[in-house]
Amino acid sequence: MKSRSSAEGDASASSFTTLPSSNDAPTGNVVSRDQPLAGQMVVAASDSGSPTLPQHGGASPDFDFEASGVTASTGYIWGIESSVDVAQLDPDARMDCSNTLYYHHFYHTVSSYLIIYDMTAHSNPYRMLLQLAGSSGLLQDTTRALGAMHLAGLPNVQNQSVHRSAAMKAYGSVVTRLRDAVSSIPSIAGLELLATSLLLCMFEAMSSNDDSWKIHLAGAGQIFQSMYRPPTAAASGSRMAESAEVTANLPLRRFLVSMMSYLDVAASCATAGSPLVSGDYWETLGGGWEYKPGVPSNPTTHSPTDRTMSQLRCSRSRLMSIQTEISRFAELTREGLDRLQTEVICNNIAYRIKNWLDTRPDVYLRLRGFEDAAEDTSEKEAEVLRAAACIQSYYLSCIIYLERSTTRRVGSSALDPQIKAAVDQILALMANYSSGVHRLAFLWPVLTAGIATVNIEQQCILRDWLTEMECFGFRVRHKQTTVKSPHGSAPTELLHSM
C-alpha cells in the first residue's frame with residue numbers, strides 16, 4: 001500500500017496491509033502451525049465438476065484423487081512434497097484439483113492469518129463465511145482467489161506464476177459480477193456482497209503495488225451503509241421478511257461489522273484521514289469488538305480466560321476510537337488549524353490516551369517490559385499476555401502517532417523522551433510477546449516505531465523483523481529516507497506500508 005508523502009501518512013501504515021499466509025515461519029521453508037501441511041492433502045476431482053469444500057463445524061475432510069489413473073509428485077510446497085501432480089492431469093480434472101487446493105489453502109492457512117489470534121478450526125469466522133454464499137458463486141471465487149494469490153507469494157512454492165494467474169483470473173471474474181450485483185440490488189445489499197468486498201480489499205492489499213484496495217473498501221462502505229441506513233416505508237416490509245435470516249446470521253453479521261471497522265480504521269491511519277463510516281459503529285451496530293483477539297459470538301468451549309479476553313477486546317475498542325480521532329486530527333492539520341485549535345484538540349486526545357492507561361484492566365500490569373517473559377507461564381496465560389502486549393503496543397503507537405500528527409516530523413525519539421520511551425517499550429513487547437504468526441498483529445506499532453526512532457540498531461531490528469514477514473508470503477518494500485537528528489543526519493531505510 002502506498003503512503004502519503006506527509007510525515008503522518010508515511011508513518012501510519014495499517015495492519016491490514018499485511019495479509020497472512022503461514023504460521024510459524026523460519027527464514028527458509030515455511031511451516032504451518034497447527035494446520036495440516038500441504039503435502040498431507042490428496043485432492044479429489046468430483047463428478048459434478050466442483051471441488052469438495054471443507055464443512056463448517058470441524059476440520060476439512062480428507063480428499064481422495066482419481067483422474068486418469070495418474071498420481072504423481074508436484075515437488076515441494078512449504079518444503080513438503082505434495083502427492084498431486086496438477087500438470088499431468090486431464091484439463092478439467094486439473095482445474096478441479098487446483099480449485100480445491102486454493103480453497104484448502106484459504107480454509108486452513110489464510111483464514112488463520114487473517115484473524116491472527118485463531119481459535120479452534122470450527123469457530124474461525126473466515127471458515128464460516130461460505131454459509132453466506134449464494135448461487136452467484138462470488139464468495140466462493142473470492143476465497144479461491146485469496147488462496148491462490150497467497151500461495152503464489154509463499155517462498156519455495158513451485159509454479160508461482162500459475163497460482164498468480166489463477167488468482168487474477170478469479171479476481172477479474174468476481175469484480176465484474178460484483179459490479180453487476182451491486183448495481184442491481186433493490187433496496188439493501190446482503191452480507192455476501194459485504195463479505196466479498198472486504199475480502200477483495202484484502203486481496204488488493206496483498207497483490208498490488210498501488211492503492212487499489214481503497215476502491216474495494218469504498219465499495220464495502222457503500223454496501224455497509226445501505227445495510228444499516230434507516231429503512232424507507234417501501235423497504236421496511238422486505239427487511240421484516242429478512243429478520244429470520246438476520247437472526248440466523250447474527251454472529252457473522254457482527255463479525256463483518258468488526259471486520260469493516262478494522263479495515264476502515266486501519267485505512268484511516270494509513271492515509272491520515274477520516275474513516276468512511278463515522279462513530280464507534282463496531283460497538284453500536286456490531287455489539288462490540290469481535291475481530292481480534294477472539295470472536296465471542298462463535299464460542300465452542302468456555303475458558304477461565306474468557307472474561308479477561310472480553311476486557312482486552314473492550315480496551316482494544318477504545319484504542320480504535322482514539323486512532324480514528326487522531327486520524328481526523330491529522331486531516332484537519334493538513335487543511336489548516338490555528339495554534340489554539342491544534343493545542344485544544346491535541347490536549348483532548350492526549351487526555352483520552354492517558355485515561356485509557358489509567359483505566360486499563362489489571363492484566364496489562366502482568367506484562368514484563370525489558371525482562372524475559374516468565375518461562376513457567378501456562379499456554380492459556382501466554383495467549384492472554386500476547387494479546388495484551390499487542391494492544392499495549394497500540395497504545396504506545398497512539399502516543400507516537402499523535403505527536404507526529406501534531407509536529408509532522410519523523411525521528412522524534414531524538415527530540416522527545418516520551419517518544420523514545422514509547423519506541424523502547426514497543427520493541428521490548430515485540431521481543432517478549434511476538435513470535436510466529438502473532439508477529440503479524442504488531443505491524444502498525446512496528447512501522448510507527450520505525451519512523452520515530454533514529455537509533456541505527458533499533459532500525460535494523462525493525463527492518464529485519466519486517467523482512468522476515470516474507471516467510472509468511474508478504475512482500476516488503478524498502479524506501480530510502482534520511483532521518484535528521486540534532487546530532488546530524490543519518491541515512492536510514494525506513495520500511496513503509498505495503
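Numbering (full-length UniProt numbering), first residue to last: 1 to 498. Beta carbons are placed, not taken as given, at the ideal position from N, Cα and C, and that holds for glycine.
Which residues in the same chain have their Cβ closer than 7 Å to the Cβ of residue i, if we skip the five residues on either side of it in sequence?
{"i": "Y364", "result": "A388 and Q392"}
{"i": "T142", "result": "V174, T196, L199 and L200"}
{"i": "Q225", "result": "V277"}
{"i": "S111", "result": "N124, Y126 and R127"}
{"i": "E403", "result": "S412, D416 and I419"}
{"i": "Y228", "result": "L285"}
{"i": "L263", "result": "F16, L198, C201 and L217"}
{"i": "I326", "result": "I349, C398, Y401, L402 and S405"}
{"i": "E331", "result": "A272, G273 and S274"}
{"i": "S136", "result": "R177 and A181"}
{"i": "Q160", "result": "A152"}
Compute the Euclidean distance between the alpha carbons of residue i and residue j, then round it to the nearest angstrom.
{"i": "Y401", "j": "L312", "result": "21 Å"}
{"i": "A148", "j": "H104", "result": "10 Å"}
{"i": "L154", "j": "E470", "result": "8 Å"}
{"i": "N99", "j": "A218", "result": "29 Å"}
{"i": "G288", "j": "C314", "result": "7 Å"}
{"i": "S268", "j": "T324", "result": "7 Å"}
{"i": "residue 501", "j": "L146", "result": "This structure gives no information on residue 501, because the portion of the chain shown stretches from 1 to 498."}
{"i": "V258", "j": "S317", "result": "The question names Val, but residue 258 in the sequence shown is Ser. In a straight line, the C-alpha of S258 is about 10 Å away from that of S317."}
{"i": "L101", "j": "H150", "result": "12 Å"}
{"i": "P51", "j": "K169", "result": "In this prediction, P51 scores a pLDDT of 39, lower than 50, which makes its location untrustworthy; the coordinate-derived value is nonetheless stated afterwards. For P51 and K169, the distance between alpha carbons rounds to 17 Å."}
{"i": "A428", "j": "A272", "result": "27 Å"}
{"i": "V384", "j": "R368", "result": "13 Å"}
{"i": "T359", "j": "S208", "result": "41 Å"}
{"i": "A350", "j": "W356", "result": "10 Å"}
{"i": "C460", "j": "E379", "result": "31 Å"}
{"i": "R144", "j": "L129", "result": "13 Å"}
{"i": "M260", "j": "A205", "result": "15 Å"}
{"i": "H108", "j": "V162", "result": "21 Å"}
{"i": "G473", "j": "I426", "result": "24 Å"}
{"i": "A220", "j": "L256", "result": "11 Å"}
{"i": "V344", "j": "T407", "result": "15 Å"}
{"i": "D338", "j": "C346", "result": "12 Å"}
{"i": "R307", "j": "P361", "result": "11 Å"}
{"i": "Y433", "j": "Q458", "result": "17 Å"}
{"i": "A166", "j": "Q131", "result": "24 Å"}
{"i": "S303", "j": "E381", "result": "11 Å"}
{"i": "Q158", "j": "I456", "result": "37 Å"}
{"i": "S184", "j": "D464", "result": "48 Å"}
{"i": "N156", "j": "D96", "result": "23 Å"}
{"i": "R439", "j": "A431", "result": "10 Å"}
{"i": "G336", "j": "F106", "result": "45 Å"}
Could you check what DSSP says for residue i in three-state terms: helix, strand or coil?
{"i": "R313", "result": "helix"}
{"i": "G473", "result": "coil"}
{"i": "I116", "result": "coil"}
{"i": "S183", "result": "helix"}
{"i": "H105", "result": "helix"}
{"i": "R360", "result": "coil"}
{"i": "R366", "result": "helix"}
{"i": "W282", "result": "helix"}
{"i": "N347", "result": "helix"}
{"i": "residue 505", "result": "No statement about residue 505 is possible, as the shown extent of the chain runs from 1 to 498 and does not include it."}
{"i": "K354", "result": "helix"}
{"i": "G221", "result": "helix"}
{"i": "Q88", "result": "Per-residue confidence for Q88 stands at a pLDDT of 37, beneath the threshold of 50, marking its modelled position as unreliable; no derived number is given."}
{"i": "T291", "result": "According to the sequence displayed, residue 291 carries Tyr and not Thr. Y291 falls in the coil class under three-state DSSP."}
Give every residue of the same chain whose Cβ lies closer than 6 Å to the Cβ of residue i, excluding the five residues on either side of it in the sequence, and list them in chain order.
{"i": "V423", "result": "S413, A449, A452 and T453"}
{"i": "D280", "result": "S321"}
{"i": "T164", "result": "For the record, residue 164 in the displayed sequence is Arg; it is not Thr. The answer, listed in chain order, is A152."}
{"i": "L462", "result": "V446 and G450"}
{"i": "Q140", "result": "A133"}
Are the beta-carbon atoms belonging to residue i and residue j less than 8 Å from one another?
{"i": "V182", "j": "I116", "result": "no"}
{"i": "A441", "j": "K292", "result": "yes"}
{"i": "R254", "j": "E290", "result": "yes"}
{"i": "L191", "j": "L252", "result": "yes"}
{"i": "V437", "j": "Y113", "result": "yes"}
{"i": "S274", "j": "R334", "result": "no"}
{"i": "L138", "j": "R177", "result": "yes"}
Once the 5 residues before and after residue i are set aside, which same chain residues still bring their CB inside 8 Å of it?
{"i": "I399", "result": "I353, Q418, I419 and A422"}
{"i": "T377", "result": "L385"}
{"i": "T342", "result": "T333 and T406"}
**Length-filtered (4 minimum) alpha helix (DSSP H) runs lying within the segment 368 to 451** = 379 to 407 and 417 to 433
**Request:** List in chain order: all unbroken alpha helix (DSSP H) runs of 4+ residues lying wholly within the segment 125 to 176.
**Result:** Counting only runs of 4+ residues, the alpha helix (DSSP H) found wholly inside the segment 125 to 176 occupies 138 to 153, in chain order.
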